[in-house]
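In the working numbering, the protein residues as written are 517 to 924.
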């Protein structure tokens, strides 16, 4: 068995007794991994490999448990003091603030590499990229407690109401901290860092919402009734329309980085000719890397489709309103796929490889799903030629992986 001190099965049912464990790895969600003497896996939030920690259980399942750190007995050299008071209060937002900033990206790359190894995918050493000109998150979802916006405490329904939040854009932080939200239940703050535009999406009653006059306020019920609402943002050298419920990376610097990485792969490995932008969203890749090409942009979300029709050149981009797995393939030199967290899956891979691309670029925000899809592409006759890991979400365990696959 891996190092451990005491059997999880012997721990008190009410989890009253802290237990020492030696952490030996990092899980895909950034938690430390330890084993009890009987071999049961324990995922320890806030722990780093090599550390001996004193923990309390927070959840017990048949084959694994979760725990939180009570104290660190033998700290890792990568550990730093957490400066955010709200993280110390239990805010679940930034789960890697205990890790030195210059260690976080390598740690995340290790998580991606581990998932690829588990999927038995041969992978090159990843190129690591941090963000330039990062001003924080521009989309913030918060719950409302007594009229104030706040974040959930991890594993709880309790709410931390922040007095400040360095993780978000300054214009979003003002609304998060100073806004008053009456009887609303949740709010989503969306701002254009480079345009100054701001929008607030309200779940529940919007009547008591008090925010500055420049903020466009719209309720979920109004959107359901047909109202349209959007802001604009500038990223990757372009201006984009983004509707209230359309997906957009949560900072323009992240869009800059992703487009740059994918463009480098296409320039190095791709060829001229038609391109497919799968899960196209509002049209980021079709509207940048697709310049000068014929593009099929595949998207099913109605809000994103409406934005794509505004953002894209309809003369050379054919917008296909269908789920990717139902798409009738046409030949393409390059396929770029940026699916949601659940990934492509068998049906998505099957549909896209029918285009017979010479380059397939996969963008993934979940290391497990990315690795599974990489395995499916390998089984379909593609080889992972190069990899880049982008630290899109500093201070958190979230990471973006980009892989360039070519025919084997």
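Ideal Cβ placement from N, Cα and C applies to all residues, glycine included.
(Q) Can you give me the C-alpha to C-alpha distance between residue 775 and residue 885, rounded to a whole angstrom? (A) Start at 1 with the first residue of the chain shown, and residue 775 comes out as number 259. Start at 1 with the first residue of the chain shown, and residue 885 comes out as number 369. Those two C-alpha atoms are separated by around 21 Å.
(Q) Which same chain residues end up closer than 7 Å to residue 639 when comparing Cβ atoms and leaving out the 5 residues on each side of it in sequence? (A) Numbered from 1 along the chain shown, position 123 holds the residue referred to as residue 639. Only 629, 632, 900, 903 meet the Cβ criterion.
Q. For residue 557 versus residue 569, is the C-beta distance shorter than 8 Å?
A. To locate residue 557, count along the chain shown from 1; it is residue 41. To locate residue 569, count along the chain shown from 1; it is residue 53. Going by C-beta atoms, residue 557 is not nearer than 8 Å to residue 569.
Q) Helix or strand or just coil, what does DSSP make of residue 664? A) Residue 664 sits at position 148 when you count from the first residue of the chain shown. In this structure, residue 664 counts as strand in the three-state DSSP scheme.
Q. Do you know how far the Cα of residue 619 is from the Cα of residue 594?
A. Taking the first residue of the chain shown as 1, we reach residue 594 at position 78. Taking the first residue of the chain shown as 1, we reach residue 619 at position 103. For residue 594 and residue 619, the distance between alpha carbons rounds to 7 Å.
Q. So, do the region 688-698 and the region 669-676 have three or more beta carbon pairs nearer to each other than 8 Å?
A. no
Q. Considering only residues of the region 728-809, which uninterrupted alpha helix (DSSP H) runs meet the minimum length of 4 residues and lie entirely inside it, listed in chain order?
A. 736-740, 768-785
Q: For residue 909, count neighbouring C-beta atoms within 10 Å of its own C-beta (all shown protein chains included) and say buried if the count is 16 or more, exposed if not.
A: Indexing the chain shown from 1 puts residue 909 at position 393. The residue is buried, with at least 16 neighbouring Cβ atoms inside 10 Å.
(Q) Taking the beta carbon of residue 986 as the centre, do at least 16 other beta carbons fall within 10 Å, making it buried, or is it exposed? (A) Absent from the structure is residue 986, since the part of the chain shown begins at 517 and ends at 924.
(Q) Taking the straight line between their C-alpha atoms, what separation do you get for residue 522 and residue 555? (A) In the chain shown, residue 522 corresponds to position 6, counting from 1. In the chain shown, residue 555 corresponds to position 39, counting from 1. With a pLDDT of 45 at residue 522, under the threshold of 50, the predicted position of this residue should be treated as unreliable, and no value is reported.
Q.
Give me, in chain order, the residues of the same chain whose beta-carbon lies closer than 6 Å to that of residue 819; leave out the 5 immediate sequence neighbours on both sides.
A. On the chain shown, position 303 is the one that residue 819 refers to. For residue 819, where only same-chain residues beyond five positions count, the Cβ hits under 6 Å are 759, 761, 762.
Q. Touching or not, the region 877-891 and the region 911-922, by the rule of three or more beta carbon pairs under 8 Å?
A. yes
Q: Grab me the residues of residue 609's own chain with a C-beta within less than 6 Å of its C-beta, minus the 5 sequence neighbours each way, in chain order.
A: Translated into positions along the chain shown, residue 609 becomes position 93. Closer than 6 Å at the Cβ level, and outside the excluded window around residue 609, lie 667.
Q. Out of curiosity, what's the CA-to-CA distance linking residue 617 and residue 602?
A. For the purposes of this step, residue 617 is taken as the residue at position 101 of the chain shown. For the purposes of this step, residue 602 is taken as the residue at position 86 of the chain shown. If I take the Cα positions, the gap works out to 18 Å.
**Q.** Cβ neighbour criterion (16 or more within 10 Å) applied to residue 636
**A.** Taking the chain shown and counting its residues from 1, one reaches residue 636 at position 120. Answer is exposed; the Cβ neighbour count stays below 16.
Q: For residue 838, count neighbouring Cβ atoms within 10 angstroms of its own Cβ and tell me buried if that reaches 16, exposed if not.
A: The residue labelled residue 838 in the question sits at position 322 within the chain shown. Exposed, by the Cβ-count rule.
Q. From residue 573 to residue 561, what distance separates their C-alpha atoms?
A. As a first step, residue 573 must be located in the chain shown, where it is residue number 57. As a first step, residue 561 must be located in the chain shown, where it is residue number 45. Each residue's Cα considered, the two are about 10 Å apart.
(Q) Judging by CA-CA distance, which residue of 536, 585, 704 is the nearest neighbour of residue 656? (A) As a first step, residue 656 must be located in the chain shown, where it is residue number 140. Comparing Cα-Cα distances from residue 656 to each of 536, 585, 704, the minimum goes to 704.
Q: Take residue 803 and list the residues in its own chain whose beta-carbon comes closer than 7 Å to its own, dropping the five residues that flank it on each side.
A: For the purposes of this step, residue 803 is identified with residue 287 of the chain shown, where counting begins at 1. So the qualifying residues of the chain are 754, 827, 828.
Q | Residue closest to residue 850, alpha-carbon to alpha-carbon, out of 817, 780, 681 | A | Locating residue 850 in the chain shown gives position 334, counting from the first residue. The shortest C-alpha separation from residue 850 is found at 780.
Q) Near residue 543, what residues of its chain come up, given a Cβ to Cβ distance below 6 Å and the 5 sequence neighbours on each side ignored? A) Mapped onto the chain shown, residue 543 falls at position 27. Correct list, in chain order: 549, 559.
Q) Quick one: what's got a C-beta closer than 7 Å to residue 771's C-beta in the same chain, skipping five residues either side? A) Taking the first residue of the chain shown as position 1, residue 771 is located at position 255. The answer, listed in chain order, is 751, 752, 765, 800.
(Q) Taking 8 Å as the cut-off, does the region 641-648 touch the region 703-723 (at least 3 CB pairs, one atom from each stretch)? (A) no
Q.
Suppose you measure from the CA of residue 575 to the CA of residue 537; what does that come to, to the nearest Å?
A. Locating residue 575 in the chain shown gives position 59, counting from the first residue. Locating residue 537 in the chain shown gives position 21, counting from the first residue. Residue 575 and residue 537: Cα-Cα distance of roughly 16 Å.
Q. So, helix, strand or coil for residue 876, using DSSP?
A. The count along the chain shown starts at 1 and reaches residue 876 at position 360. The answer is strand: DSSP assigns residue 876 an E or B state.
**Q.** Distance CB(residue 833)-CB(residue 814) smaller than 8 Å
**A.** Here the question's residue 833 lines up with position 317 in the chain shown. Here the question's residue 814 lines up with position 298 in the chain shown. No, they are not a contact pair.
(Q) Given this structure, state the Cα-to-Cα distance separating residue 858 from residue 879, to the nearest angstrom. (A) Working through the chain shown from its first residue, we reach residue 858 at position 342. Working through the chain shown from its first residue, we reach residue 879 at position 363. Cα to Cα, the separation comes out at about 12 Å.
Q: Could you check what DSSP says for residue 820 in three-state terms: helix, strand or coil?
A: Working through the chain shown from its first residue, we reach residue 820 at position 304. Of the three classes helix, strand and coil, the one that applies to residue 820 here is helix, per DSSP.
Q: Measure the alpha-carbon distance for residue 934 versus residue 714 and round it to whole angstroms.
A: Within the shown structure, residues of the chain are numbered from 517 to 924, placing residue 934 beyond reach of any answer.
(Q) Assuming residue 653 and residue 611 are in contact, meaning their beta carbons sit under 8 Å apart, how far apart are those beta carbons, in whole angstroms? (A) As a first step, residue 653 must be located in the chain shown, where it is residue number 137. As a first step, residue 611 must be located in the chain shown, where it is residue number 95. Actually they do not touch by this definition, with Cβ atoms about 14 Å apart.
Q | For residue 844, the nearest candidate out of 807, 824, 794 (CA to CA) | A | Reading the chain shown from its first residue, position 328 is the one you call residue 844. It is 794 whose Cα lies nearest to the Cα of residue 844.
(Q) Tell me the residue span of the alpha helix (DSSP H) that contains residue 634. (A) As a working mapping, residue 634 is identified with position 118 in the chain shown. Element bounds for residue 634: 617-634.
Q | Contact belief for residue 853 with residue 871 at Cβ below 8 Å, rounded distance in angstroms | A | Position 337 of the chain shown, counting from 1, holds the residue named residue 853. Position 355 of the chain shown, counting from 1, holds the residue named residue 871. So it is not a contact: roughly 11 Å between Cβ atoms.
Q) Helix, strand or coil: which one does DSSP assign to residue 885? A) Residue numbering aside, residue 885 sits at position 369 when the chain shown is read from its first letter. DSSP places residue 885 in helix when its eight states are reduced to three.
Q: Indicate whether residue 782 and residue 877 have their beta-carbon atoms separated by less than 8 Å.
A: Locating residue 782 in the chain shown gives position 266, counting from the first residue. Locating residue 877 in the chain shown gives position 361, counting from the first residue. Yes. Within cutoff.
Q.
Going by beta-carbon coordinates alone, are residue 606 and residue 677 separated by less than 8 Å?
A. Mapped onto the chain shown, residue 606 falls at position 90. Mapped onto the chain shown, residue 677 falls at position 161. No. Outside cutoff.
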